[in-house]
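Counting from 1, one number per residue, gives the positions in the sequence shown under the UniProt record's numbering.
Where is the CB? At the ideal position from N, CA and C, for every residue including glycine.
Following: one structure in structure tokens, then a few remarks.
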Amino acid sequence: MSTTVTAKGQVTIPKAVRDMLGIRPGSQVDFRRMPDGSIVVVPLDAQEQVSRFSKFRGHAGRGMTTDEIMALTRGDD
């Protein structure tokens, strides 16, 4: 299967591949370089799609000041 790259660098993933990988509108995919130099497309499941702020969930408890919350998000000690 082949596809054409647009001027914007976009490609359409063929339907057969989308169906095989379970890729639907709104799905996120990752491009991974393999040791042999090839590139593979890997669909990300919901567990892998982690917000950059998720590690702070539950840490900014009640009673923290704005400065304390900002220090926490910046990684200040």
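Per DSSP, which residues does V29 bridge with? Please list them.
-> To locate residue 29, count along the sequence shown from 1; it is residue 29. DSSP links V29 through a beta bridge to P43.
Looking at D30 and V41, is the spacing between their C-beta atoms short of 9 Å?
-> Residue 41 sits at position 41 when you count from the first residue of the sequence shown. Residue 30 sits at position 30 when you count from the first residue of the sequence shown. Against a cut-off of 9 Å, the Cβ pair of D30 and V41 comes out as a contact.
Quick one: grab the DSSP three-state call for R24.
-> Indexing the sequence shown from 1 puts residue 24 at position 24. If DSSP states are grouped into helix, strand and coil, R24 belongs with coil.
Sequence-distant residues of the same chain with beta carbon closer than 8 Å to V11, five excluded per side | Within the sequence shown, numbered from 1, the residue matching residue 11 stands at position 11. Cβ within range, chain order: T3, T4, V5.
Ignore the nearest five residues each way along the sequence and tell me which others in I39's own chain have a CB closer than 6 Å to its CB.
-> Against the sequence shown, residue 39 aligns to sequence position 39. Same-chain partners within the cutoff: F31, R33.
Relative to the alpha-carbon of D45, which residue among T66, L21, K15 has its alpha-carbon at the smallest distance?
-> Your numbering for residue 45 matches position 45 in the sequence shown. Answer by Cα proximity: L21.
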